[in-house]
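Quick mapping for you: the protein sequence lines, in order, are chains A and L.
With the numbering used here, the residue at position 6 of the first sequence is 357, and numbering never jumps.
With the numbering used here, the residue at position 68 of the second sequence is 115, and numbering never jumps.
Contents: one structure, followed by commentary.
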Amino acid sequence: ETGVTQTPRHLVMGMTNKKSLKCEQHLGHNAMYWYKQSAKKPLELMFVYNFKEQTENNSVPSRFSPECPNSSHLFLHLHTLQPEDSALYLCASSQAGSGRTEAFFGQGTRLTVV
Amino acid sequence: DAKTTQPNSMESNEEEPVHLPCNHSTISGTDYIHWYRQLPSQGPEYVIHGLTSNVNNRMASLAIAEDRKSSTLILHRATLRDAAVYYCILRDGENYGQNFVFGPGTRLSVLP
């Protein structure tokens, strides 16, 4: 148990569906991250929030829409996805600040787009 | 973020020590060296980090070269549960808003 909880753990959705991934952390952190990990590939950083403000968007398609209502919660809203979006989506949190701090990751949501 | 280089894969026998190398020849004076590992079907897990001196914790030891251009993660007695992908990343200790950027890492196989 890392203190970062992601739900659901598995999700199968059609290309016309709308769904949301949820991430919650109870570590008192103020920075949260979304990553995508496709099969046999390194983690790709998607979005970063520091103190609820989005500070990074790594050219992610608009069919992925993040939301950070408070420092403890992070959502990833999904709509009209493509089969190539099937991947493991990971959430992480850390203390915002310098590189001295470490990140804690959730277990991920395994997404399959059919 | 400064770049690191790791071998793609390594093998170890169970109950033997494992030394996982990482090269970071362009490291700056304020970069911290972080190690994470990712077990199959799980999110990455923090292992250890350090700046200049060697570091020990319950999971592993981190040996940092005197010129800081390389480091080694040491697992003292590998177990089957240590089979994972190990990532070495650099994070600037003076730069607010640092992100965690991962490379391909080293896939460690542990043989019984």
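We treat Cβ as the ideally placed atom computed from N, Cα and C, and that holds for glycine.
Please read all numbers here as calculations on a predicted model, not as lab measurements.
{"Item": "Nearest neighbour of residue 301 of chain A, chosen from A:405, A:399, A:391 [CA to CA]", "Value": "In this structure chain A extends from 352 to 465, so residue 301 of chain A is not present and cannot be described."}
{"Item": "C-alpha gap between residue 110 of chain L and residue 103 of chain L, whole angstroms", "Value": "9 Å"}
{"Item": "Collapsed DSSP secondary structure at residue 105 of chain L in the structure displayed", "Value": "coil"}
{"Item": "Nearest-angstrom beta carbon gap, residue 372 of chain A and residue 357 of chain A [assumed within contact, 8 Å]", "Value": "7 Å"}
{"Item": "Residues that residue 133 of chain L contacts on chain A, provided the C-beta gap is smaller than 9 Å", "Value": "Within 9 Å Cβ-Cβ: nothing; residue 133 of chain L doesn't reach chain A, min ~12 Å."}
{"Item": "Where residue 92 of chain L meets chain A, residues with beta-carbon distance less than 9 Å", "Value": "353, 455, 456"}
{"Item": "Any C-beta of chain D under 8 Å from that of residue 440 of chain A", "Value": "The structure shown contains no chain D; its protein chains are A and L."}
{"Item": "Closer than 8 Å to chain L by CB, residue 390 of chain A", "Value": "no"}
{"Item": "Beta-carbon proximity check, residue 79 of chain L vs residue 459 of chain A, cutoff 8 Å", "Value": "no"}
{"Item": "Chain A residues whose Cβ lies nearer than 8 Å to that of residue 53 of chain L", "Value": "Result: empty, since nearest Cβ-Cβ is about 11 Å, beyond 8 Å."}
{"Item": "Any C-beta of chain L under 8 Å from that of residue 414 of chain A", "Value": "no"}
{"Item": "Neighbour flag for residue 393 of chain A against chain L, beta carbons, 8 Å", "Value": "yes"}
{"Item": "Identity of the residue in L:133, L:55, L:138 nearest residue 148 of chain L by Cα", "Value": "L:138"}
{"Item": "beta-carbon residue 421 of chain A near the ligand MG non-hydrogen atom, thresh 7 Å", "Value": "With respect to the ligand MG, the structure shown offers nothing to examine, as it has no ligands at all."}
{"Item": "C-alpha distance - residue 409 of chain A paired with residue 382 of chain A, whole-angstrom precision", "Value": "16 Å"}
{"Item": "Cα-Cα separation between residue 435 of chain A and residue 370 of chain A, rounded to whole angstroms", "Value": "16 Å"}
{"Item": "Beta-carbon proximity of residue 366 of chain A to residue 446 of chain A, cut-off 8 Å", "Value": "no"}
{"Item": "Under the three-state DSSP convention, the category residue 453 of chain A falls into", "Value": "coil"}
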